[in-house]
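**Student:** Next up is a structure, given as structure tokens.
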Amino acid sequence: MDDTESTTTSADENTGNLCDNPTRDTLAEGLLGLLKPTVDQLDDRVRATRISQLELKQQIDSLNEELQKVREALNNHPDLDPYVKKLIACKHKVTVVLNVLQASQDRLNDIRRMVSKEKGVRTITESQSQDPLEGPSGSAVASEKGSIN
């Protein structure tokens, strides 16, 4: 029984404060499992929206240039000036939305990095918590393999 107690003590010392409560770890892993697909889906949708916004901005710029050419050709500014102003205002709104989407995507990327980092820490703590159970020479594994044969 002394060997078991010393192994348990060394397992507790190796894991430190990272794995104090298996229930908490299970819940955290479950929450990460629930949130990750949603974050990934949201990230994909933000990326698609950003692409659409960029395309729309390019089309607005192109239309703005064409209207400028038409205005110069007609040499009649009073009729086209309100439309040009509306296009400029619309372009500004698209730019603002694009900036908001960029900030959102940056936040999503930060969340994705934190999820990946948390998974890496869990993998390390799980491997550290399993090593002390085998003992220094791996004799527990050897004895189990011998009993199976």
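Taking my numbering, the leading residue of the sequence shown gets -8, the next gets one more, and so forth. For glycine and all other residues, C-beta sits at the position ideal for the given N, C-alpha and C. These numbers come from a predicted model, not from an experiment.
(1) Given a cut-off of 8 Å on the beta-carbon distance, is the pair LYS77 and ASN55 in contact?
(2) If I measure Cβ to Cβ from VAL88 and keep anything under 8 Å in the same chain, skipping five residues before and after, which residues do I get?
(3) Helix, strand or coil, according to DSSP, for ASP11 in the structure here?
(4) Spatial neighbours of THR40 within its chain, please: C-beta separation below 8 Å, excluding the five flanking residues on both sides.
(5) How many Å lie between ASP34 and ASN66 at the Cα?
(6) What does a CB cutoff of less than 8 Å around LEU144 pick up in its chain, not counting 5 residues either side in sequence?
(7) What would DSSP say about PRO100, mapped onto helix, strand or coil?
(8) Quick check: is any heavy atom of the ligand MG less than 7 Å from the C-beta of MET105?
**Tutor:** So, to answer that:
(1) On the sequence shown, position 86 is the one that residue 77 refers to. On the sequence shown, position 64 is the one that residue 55 refers to. No, these two residues do not count as a Cβ contact at 8 Å.
(2) For the purposes of this step, residue 88 is identified with residue 97 of the sequence shown, where counting begins at 1. A distance below 8 Å between beta-carbons, with the five flanking residues on each side excluded, links VAL88 to the following residues of its chain, in chain order: GLN44.
(3) Taking the sequence shown and counting its residues from 1, the one referred to as residue 11 is at position 20. Here ASP11 sits in coil by DSSP.
(4) Residue 40 sits at position 49 when you count from the first residue of the sequence shown. Excluding positions up to five away in sequence, the list reads LEU92.
(5) Here residue 34 refers to the residue found at position 43 of the sequence shown. Here residue 66 refers to the residue found at position 75 of the sequence shown. For ASP34 and ASN66, the distance between alpha carbons rounds to 47 Å.
(6) Given a span of -8 to 140 for the chain in the structure shown, any question on residue 144 remains unanswerable.
(7) As a first step, residue 100 is located in the sequence shown; it is residue number 109 there, counting from the start. The sequence shown places Asn at residue 100, rather than the Pro named in the question. Note: ASN100 maps to helix in three-state DSSP.
(8) As presented, the structure is devoid of all ligands, the ligand MG included, so that no description of it is given.
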